[in-house]
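Numbering (this note's numbering), first residue to last: 45 to 284.
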């Protein structure tokens, strides 16, 4: 696990975008794993700028997303399908048929999880982008999740509901379940880039980088992956 500590979130976004741009230039049909939430917003804007400036193309890139809320239509403004279109896909030259997000509205959620895992195995993720929760979750793999889990339906932890409440009218409106790539699914990626900014992530970064590998700190499992790059600002690195 390599850790890069930068001055601020702008520099984190630039560094991560440069890595993704280089990966796409080296392999135009890259399979790219994407994340949602506030962490990747700056990075996505850098990728939009690079694409619109003709520095690189997403035409042949395939994407897979980590997770989706259960019970939100993809047109709901807090669904991750909507987030990805608004924050990235609608502003770049990607083919929407090459973008993949698990469905939180499937009639049979277990069958959807199985389908999505098979898709991951078929595509084989070249580079997976991750954020990290304040409780060190990756995807929606909350503390206590087995490291052997594949794509599955999960109940969201109280701290996750509280952290996401700012995006909804009330905390009661926050979906309590999600469908997420499992930790074993994430670890199949050939390369992983995790980004984090802000003091609220400092303890999670510490347990991920320095703590024992334990299911109480889901991100700590990344210590076992051969190719992980962690890009953080000084605040997120303040407990290291």
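C-beta: ideal position from N, C-alpha, C; glycine also.
Remember, it's a predicted structure, so these values are computed and weren't measured experimentally.
Check	Outcome
Can the beta-carbon of residue 245 be found less than 7 Å from the beta-carbon of residue 280?	yes
Tell me whether residue 279 sits in a helix, a strand or coil according to DSSP, three-state version.	coil
Is the beta carbon of residue 111 sitting closer than 7 Å to the one on residue 191?	no
Per DSSP, what kind of secondary structure is residue 56 in: helix, strand or coil?	helix
When we look at the beta-carbon of residue 140 and count the other beta-carbons within 10 Å, is it buried (16 or more) or exposed?	exposed
Give the straight-line distance between the Cα atoms of residue 201 and residue 255, rounded to the nearest whole angstrom.	21 Å
In chain order, which continuous runs of the beta strand (DSSP E) of length 3 or greater are located wholly inside the region 55-115?	75-78, 106-109, 111-113
What residue does the beta strand (DSSP E) around residue 48 start on, and which one ends it?	46-50
Should residue 188 go down as buried or exposed, given a rule of 16 or more other Cβ atoms within 10 Å for buried?	exposed
Buried or exposed for residue 286, please, with buried defined as at least 16 other CB atoms from any protein chain shown within 10 angstroms of its CB.	What is shown of the chain runs 45 to 284, which leaves residue 286 out entirely.
With which residues is residue 121 paired in a DSSP beta bridge?	For residue 121, which the question treats as bridged, DSSP gives no partner whatsoever.
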